[in-house]
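Numbering (the numbering used here), first residue to last: 81 to 592.
Virtual Cβ for every residue (Gly too), placed ideally from N, Cα, C.
Note that this is a predicted model, so its numbers are computed, not measured.
First the structure, in the form of structure tokens, and then the observations on it.
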Amino acid sequence: MNAPVQRGPIRRRKVSVELYFVLYLSAIILLLGTTPLVNKGGDTELEEAIVQLSLRDFKVRAKRAALVYPFIPAGASVDTAGLRLRRDSINLIVASGTFADVRFAIVAIRDSASGQTLPVECASLTQQGNATAEFRWRPCAPQRQGVYLVTVAGVATPLPPESIRPPELRQRVIEILRRRGSIRDSVTFAVTMMGLNGDIVAALRQSSTADTATGSGAAIDTSLAALSMLTPVPPQPLGIPLIGGELQVQSPTVIAAPGSTWRNQVFFTGFTNSPDITFTASPSSVSVIRNPNGLTISGVAPASGKQQITLRGIRASDRQTFNATFTVDASPLDGPDLPRQMYVGENYVIEFGSQGVPNEIVQVAAVVGTDTIASGGARINFTPSRTGNITFVRFVNRKRYDSYSATVMPLPAPNFNGQPDCSDANFITIRTTSYGSVRGIPNKGQLVVDEGNVEDPIQDDYQYNSRTKAHQQTWKLRRKGKGETPITLHILDQRGSRDPNGRSRNVQFSCQ
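Rendered as structure tokens:
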């Protein structure tokens with residue numbers, strides 16, 4: 081059993097930085113107004129110090145350091161049939177600090193090779209909440225291969241921390257900040273436009289074939305992993321490391337099958353990947369591999385339950401530390417409500433998601449033999465076209481998690497559900513079941529009386545089961561006379577089917 085991870089150092093560091101900021105700001109505030117009248121320049125310098133502290137407190141960050149957008153160049157003939165290539169077109173922009181009324185805007189899109197500026201209309205930015213915005217890449221025509229640097233700026237109204245007291249001092253700080261106007265910060269991330277060619281597609285197919293041959297089950301989305309390895313990601317620009325740099329994890333919670341290999345990415349924010357930074361992970365069995373924009377963390381999931389992973393970096397030059405934590409969750413996922421029997425031509429909407437698991441990391445493939453005949457996300461729409469056995473394989477983070485089987489059959493013939501109910505002296509109750517649909521029309525049954533001293537059947541109740549595709553109907557037959565009532569009848573569905581062989585299927589019985 082792994083020892084519990086101690087999160088104390090991370091919390092202490094966060095508190096100490098905030099406390100330092102508040103104490104420093106409070107000291108400046110107390111000095112305001114205490115300088116002699118002949119030295120009014122002193123107050124100006126103190127006010128400038130307050131503004132500079134507020135500027136350092138406001139930061140704009142991107143959730144992802146780089147996006148990868150594969151495309152087929154105009155005029156190129158590339159066969160991508162069978163490959164599922166994801167286009168990374170969305171990023172989340174987040175503002176942090178003490179502020180109000182933040183507004184985000186795309187300020188520049190620049191080709192990293194030529195320096196050419198692209199229209200900002202090649203992307204969109206939608207405000208979400210009080211401190212975030214959603215970035216969407218919408219490449220302008222004609223699409224060209226390259227690495228484009230996108231700069232997004234955030235402008236906000238600065239506020240002093242809530243811990244600044246008493247009210248009169250807090251109000252004075254607010255007035256100082258208001259006089260100096262808005263605060264601004266920006267973040268730059270990369271969008272890689274990768275034109276597909278025959279060599280890249282061949283490599284993706286080879287990777288997909290290898291995964292299928294080894295039975296790893298990752299063939300459904302193997303191209304995603306292969307694509308990231310083939311795509312160059314530009315390193316962060318060199319510069320002076322910033323105080324207060326952070327490690328940002330790509331996935332705060334990694335869902336993995338028990339005992340499987342998991343992988344997560346950690347990005348650098350506010351500092352560069354300097355060789356004098358040493359990174360260690362806990363537990364010690366976790367692997368840490370450097371890459372230009374951050375770290376690749378991997379390990380083996382526990383047999384059950386959750387495991388916390390802690391990453392710590394120490395820079396030798398100034399002993400600054402960088403910390404990050406995330407959780408590996410090997411708890412069993414909820415099973416889908418999958419019918420064991422499915423019918424040709426019927427549409428099924430099957431939920432493979434699980435409570436607490438983001439839907440975007442779940443993929444599903446419908447497999448017959450070695451062929452993938454359908455695929456989708458956590459919710460899959462599936463219409464079987466032929467009979468036989470079928471397996472639904474669920475993937476989490478592009479890794480095979482589990483599988484479920486079903487049998488595809490032709491629509492059954494309608495049938496009588498149990499014995500007729502003769503307990504009512506005036507009516508006979510009969511229940512029937514039919515299945516599926518015919519040309520989009522519910523395949524309800526019709527009860528037909530061949531012989532018997534009863535009136536024509538009247539439908540008394542109807543229920544439909546979307547999972548089993550069963551139409552369950554209850555019929556009432558009014559008796560015309562007293563005493564024993566022999567009856568012969570059959571049920572007919574919308575196909576005109578009585579049984580799989582088309583023979584008459586009459587039911588004879590007698591009610592007292």
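N-terminal and C-terminal residue of the beta strand (DSSP E) that residue i is part of
i: residue 572; result: 565-572
i: residue 391; result: 386-395
i: residue 451; result: 451-456
i: residue 432; result: Looking at the DSSP string, residue 432 is not in any beta strand (DSSP E), and its letter there is neither H nor E.
i: residue 577; result: From DSSP, residue 577 is part of no beta strand (DSSP E); its letter is neither H nor E.
i: residue 549; result: That residue, residue 549, is in no beta strand (DSSP E); it is neither H nor E in DSSP.
i: residue 229; result: 226-238
i: residue 531; result: 526-532
i: residue 326; result: 326-329
i: residue 361; result: 357-362
i: residue 421; result: 421-423
i: residue 370; result: 367-371
i: residue 461; result: 459-462
i: residue 262; result: Premise fails: residue 262 is in no beta strand (DSSP E) and is neither H nor E.
i: residue 378; result: 374-380
i: residue 333; result: 333-335
DSSP three-state assignment for residue i, whether helix, strand or coil
i: residue 440; result: helix
i: residue 400; result: coil
i: residue 278; result: helix
i: residue 251; result: helix
i: residue 137; result: helix
i: residue 318; result: Low local confidence applies: a pLDDT of 34 at residue 318 is under 50, so the model's placement there is unreliable, with the coordinate-based value given in what follows. In the structure shown, residue 318 sits in coil (DSSP, three-state: anything other than H, G, I, E or B).
i: residue 516; result: coil
Contact under 8 Å by Cβ, residue i with residue j
i: residue 231; j: residue 187; result: yes
i: residue 137; j: residue 195; result: no
i: residue 386; j: residue 411; result: yes
i: residue 430; j: residue 389; result: no
i: residue 363; j: residue 424; result: no
i: residue 276; j: residue 217; result: no
i: residue 281; j: residue 149; result: no
i: residue 572; j: residue 528; result: yes
i: residue 408; j: residue 334; result: yes
i: residue 574; j: residue 521; result: yes
i: residue 486; j: residue 420; result: yes
i: residue 565; j: residue 531; result: no
i: residue 543; j: residue 497; result: no
i: residue 468; j: residue 439; result: no
i: residue 205; j: residue 213; result: yes
Assigned exposure category for residue i - 16 Cβ within 10 Å defines buried
i: residue 209; result: exposed
i: residue 172; result: exposed
i: residue 251; result: exposed
i: residue 466; result: exposed
i: residue 96; result: Any answer about residue 96 is weak, because its pLDDT of 43 lies below 50 and its placement is not dependable; what the coordinates show is given next. The residue in question, residue 96, is exposed, as its Cβ has fewer than 16 Cβ neighbours within 10 Å.
i: residue 256; result: buried
i: residue 591; result: buried
i: residue 490; result: exposed
i: residue 377; result: buried
i: residue 545; result: exposed
i: residue 577; result: buried
i: residue 365; result: exposed
i: residue 512; result: buried
i: residue 319; result: Summary for residue 319: the model assigns pLDDT 34, below 50, so the residue's position carries little reliability; its value from the coordinates is reported in the next sentence. Its Cβ having fewer than 16 others within 10 Å, residue 319 is exposed.
i: residue 479; result: buried
i: residue 561; result: exposed
i: residue 332; result: exposed
i: residue 470; result: buried
i: residue 449; result: exposed
i: residue 265; result: buried
i: residue 189; result: buried
i: residue 371; result: exposed
Interface flag, residue i vs chain B, CB-CB below 8 Å
i: residue 590; result: Looking at the structure shown, chain B is missing, and only one protein chain is on hand.
Runs of beta strand (DSSP E) wholly within the segment 147-219 (minimum 3 residues, chain order): 170-176, 179-191, 203-208, 212-217
Runs of beta strand (DSSP E) wholly within the segment 469-514 (minimum 3 residues, chain order): 479-489
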